[in-house]
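Scroll down for the structure; my scribbles are underneath it.
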Amino acid sequence: MDCFPPCFKIFAIRASLFQHSSSEAEFSLRLQAARAFGLKSARMKLKEGSFLWYLYLDKLYCLLSVRNVKALVDYFHLLDVHRKNTLNDVLFYHFLHHVTTLTRRQINIVFNMLDWSAMGEIGFDQFYMLVCILLARENQLEEQFIFRHSRPVFELLDLDGELKIGADNFHMYNFLFNIKRQELRELYHDFDITGDRLLNYKEFKLFTMFSMDKYQERQKAEKEKEKDKDKDKVLLKKKRSHQVNMSPNTSFWNKWIRK
Amino acid sequence: MEDKPLKALDKSSGHRASGKSSQQDIRNLWTTATLSQPKLNVALSDVCEDSEGSSVSSRTRQWRKQTAGHDWDASWEALEDRKDKDSFKQEELDEHSLLELEMRLDSSVGSHVEDDDESRTEKPSSVSSFNIVKHTHHRAYWMEQHNRLPLPLIELMENEALEILTKAFRSYRSGIGRDHFLTKQLQRHIEGLKRRQNKRLHVSAH
Chain W
1 MDCFPPCFKI FAIRASLFQH SSSEAEFSLR LQAARAFGLK SARMKLKEGS FLWYLYLDKL
61 YCLLSVRNVK ALVDYFHLLD VHRKNTLNDV LFYHFLHHVT TLTRRQINIV FNMLDWSAMG
121 EIGFDQFYML VCILLARENQ LEEQFIFRHS RPVFELLDLD GELKIGADNF HMYNFLFNIK
181 RQELRELYHD FDITGDRLLN YKEFKLFTMF SMDKYQERQK AEKEKEKDKD KDKVLLKKKR
241 SHQVNMSPNT SFWNKWIRK
Chain S
1 MEDKPLKALD KSSGHRASGK SSQQDIRNLW TTATLSQPKL NVALSDVCED SEGSSVSSRT
61 RQWRKQTAGH DWDASWEALE DRKDKDSFKQ EELDEHSLLE LEMRLDSSVG SHVEDDDESR
121 TEKPSSVSSF NIVKHTHHRA YWMEQHNRLP LPLIELMENE ALEILTKAFR SYRSGIGRDH
181 FLTKQLQRHI EGLKRRQNKR LHVSAH
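Chains W and S supply the protein sequences, listed in that same order. The first sequence: position 241 = 241 (this note's numbering), numbered continuously. The second sequence: position 124 = 124 (this note's numbering), numbered continuously.
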């Protein structure tokens, strides 16, 4: 039941403004238009000390533990003022505005993305999904999250229900999934096998596997860097301790001997 | 019971990057707190377990002989070891047999107090007898406590929800008016939350 007058609802910018095209120039134009509408990929952060900030995802499956879900259910019920097991757009907006650094436009986009049944309300399933996405973004686990949950993410991005995703879809949700511009170009260059400038689910799945491999290689490289740094530190310490152990007298005698 | 989660403050979970040490306390409470006493549960189930052909009372008598002069915790652990050796089957005890067990254990505690130094047995005896009593007579209560969220977490959630709902209330009031039934429903919900908070503060103050 929607008791709010139409003017009370906050409507998002529709993805239907963007039409499919085959030329590279129009591809970049669309990206620029998306940026102009304020959909820049500013780093979304959870506010420190908020309840969500204390939750964490399982690093392998990118899901919450049972305990965390229990806490989240109670939290959801605290916000479910009208006892319908849902949050309307006003409650949803104030919740996201309070716990994240998302702008009004971004919150509207997220609401429209999650309101897949077009009821004007968000149930606990969608709320849980959102929390997982926010936590993945906060902990820089986007690649892993998209890899583990490629089907639900694909369905979220597929706004029109055509079982295909355009570049505009990706860019619109850049602030959530952190797919950079260069990666987006590569994505469509390397994985658009059918050549229609759209990704179907299989192409999208290939992309997620590829980005997961890249992510793991980056992790390995970072670990090796840290190991090298530690080794250098240890060597430095040894050198310094060696220098300290050389007392002034011995150094004097050494100089005398050399003379 | 509510003090027990606070004891987990000393443990660090390491779920996030460093630099959040002061606020890790609440996270530690939630991720590492064990509201019930698992050792007690295991121990009592071991005590309750019975191999074929032997009674609980004889088992406890044997246990008492074994643990003469030992620490209380060590005696519980000895029971666990015996479980492995004798391959107990898990059975539920009647209340009567549990009470009997309780009485025998209490009497064994008394003998310990007579034989050993006061400092060694004073604290364990009172704690263990209390633990047995609470476990046997208030199982449902302790199961509920085990599943409840830690109080600091509940407070954090309620405070945050209150702030969010207060802002939402202003939007409701400006959007659909003060007299709309949804605005009133929200207002009642906020008042209910505040009352709950005040009650908790009142209880903790006293």
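Glycine is no exception: its CB is placed at the ideal position from the N, C-alpha and C atoms.
Who are the Cβ neighbours of residue i in its own chain at under 6 Å, not counting the five residues just before and after it?
i, result
"L198 of chain W", "K164, G166"
"F268 of chain W", "With chain W running from 1 to 259 in the structure shown, residue 268 of chain W is simply not present."
"M212 of chain W", "E143, F147"
Would residue i count as contacting chain W if we go by Cβ distances under 8 Å?
i, result
"D117 of chain S", "For D117 of chain S, the predicted model reports a pLDDT of 47, less than 50, meaning its position is unreliable and no value from the coordinates is stated."
"Y141 of chain S", "no"
"P38 of chain S", "Confidence at P38 of chain S is low in this model, with a pLDDT of 43, below 50, so its placement is unreliable and the value that follows should be read with caution. Cβ-Cβ to chain W under 8 Å: no for P38 of chain S."
Find out if the Cβ-Cβ distance for the pair residue i, residue j is shorter than 8 Å.
i, j, result
"L64 of chain W", "L55 of chain W", "yes"
"V81 of chain W", "H180 of chain S", "no"
"L87 of chain W", "I122 of chain W", "yes"
"L52 of chain W", "V131 of chain W", "yes"
"H94 of chain W", "K167 of chain S", "yes"
"F204 of chain W", "L184 of chain W", "no"
"N178 of chain W", "R137 of chain W", "yes"
"L149 of chain S", "A71 of chain W", "yes"
"E211 of chain S", "Q197 of chain S", "Residue 211 of chain S is absent from the structure shown; chain S starts at 1 and stops at 206."
"L46 of chain W", "L134 of chain W", "yes"
"C68 of chain W", "F124 of chain W", "Looking at the sequence shown, residue 68 of chain W is not Cys but Asn. No, these two residues do not count as a Cβ contact at 8 Å."
"F145 of chain W", "C62 of chain W", "yes"
"N139 of chain W", "L57 of chain W", "yes"
Taking C-beta pairs closer than 8 Å, name the residues in chain S that residue i reaches, listed in chain order.
i, result
"A71 of chain W", "W30, L149, L153, M157"
"F95 of chain W", "I164"
"L79 of chain W", "A161, I164, L165"
Ignore the nearest five residues each way along the sequence and tell me which others in residue i's own chain have a CB closer than 8 Å to its CB.
i, result
"R173 of chain S", "T183"
"V234 of chain W", "none"
"V110 of chain W", "L96, L102, L130, L176"
"F169 of chain S", "T183, L186, Q187, I190"
At least one CB of chain S closer than 8 Å to the CB of residue i: is that the case?
i, result
"D74 of chain W", "yes"
"S117 of chain W", "no"
List the residues of chain S whose Cβ lies closer than 9 Å to the Cβ of residue i, in chain order.
i, result
"H98 of chain W", "E160, E163, I164, K167"
Could you work out which residues of chain S lie near residue i, taking near to mean beta carbons separated by less than 7 Å?
i, result
"F51 of chain W", "L156, M157, E160"
The ligand SAH heavy atoms versus the CB of residue i: any closer than 7 Å?
i, result
"L79 of chain W", "Among the ligands in the structure shown, none appear at all, so the ligand SAH cannot be discussed."
Residues in its own chain within less than 7 Å of residue i by CB, not counting five upstream and five downstream?
i, result
"F191 of chain W", "L199, E203, L206, F207"
Subject >> Proximal residues, the stretch 82–93 of chain W versus chain S, C-beta separation under 7 Å >> reply: Residues passing the 7 Å Cβ filter: H82, V90, L91.
Subject >> Residues in the stretch 144–168 of chain S having any Cβ partner in chain W nearer than 7 Å >> reply: When C-beta distances to chain W are compared with 7 Å, the residues of the stretch 144–168 of chain S below that value are L149, L153, L156, M157, E158, E160, A161, E163, I164, L165, K167, A168, in chain order.
**OP:** Give, in chain order, every residue of the stretch 186–199 of chain S whose Cβ lies closer than 7 Å to some Cβ of chain W.
**Re:** Answer in chain order: L186, H189.
Subject >> Against chain W: residues of the stretch 174–185 of chain S by CB proximity under 7 Å >> reply: Of all residues in the stretch 174–185 of chain S, G175, I176, L182, Q185 have a Cβ within less than 7 Å of some Cβ in chain W.
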